[in-house]
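Below: the structure, in C-alpha cells.
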Amino acid sequence: MVHAYILIQTEVGKAAAVAEQIADIQGVVTAEDVTGPYDVIVKAEAENVDLLGQLVVARIQNVDGITRTLTCPVVHL
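Residue numbers (the UniProt record's numbering): 1 to 77.
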C-alpha cells in the first residue's frame, strides 16, 4: 500500500468545497482545508504508485476549483 499527502491550491474561496468533494473520492483517507500556502491537504492511499498517480490525475485534479497539486509520497526510511 502506498500513502501520500497531496497539497492543493484552489481558486479563492473554494477550499471548503474542494475538500468536501475530494473527501468522497475512493482512495482518499482525509481531506481538510487549511491555512498557509496550500488550501487543502489530502491523505490518500492506493495499492501501488501507478494507481496513486491515476487517483491524483484522473480523479482529484478533475475537481472544480483546483489550480495546482503537489503529491508527496510517504517513505519509510
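For glycine and all other residues, C-beta sits at the position ideal for the given N, C-alpha and C.
In this structure, DSSP gives Asp33 an extended state, which the three-state scheme calls strand.
Annotation for Gln9: the continuous beta strand (DSSP E) segment containing it runs 2–10. For the 7 Å CB-CB criterion, Val49 and Thr71 do not form a contact. In the structure shown, Val42 adopts extended strand secondary structure according to DSSP, grouped into three states.
Its chain contains no residue whose beta carbon lies nearer than 7 Å to that of Leu77 once the 5 sequence neighbours on both sides are disregarded. For Leu70, the beta-bridge partners assigned by DSSP are Leu7. Residues Ile22, Val42, Ala44 of the same chain have their beta carbon placed closer than 7 Å to that of Val28, with the five preceding and five following residues left out of the count.
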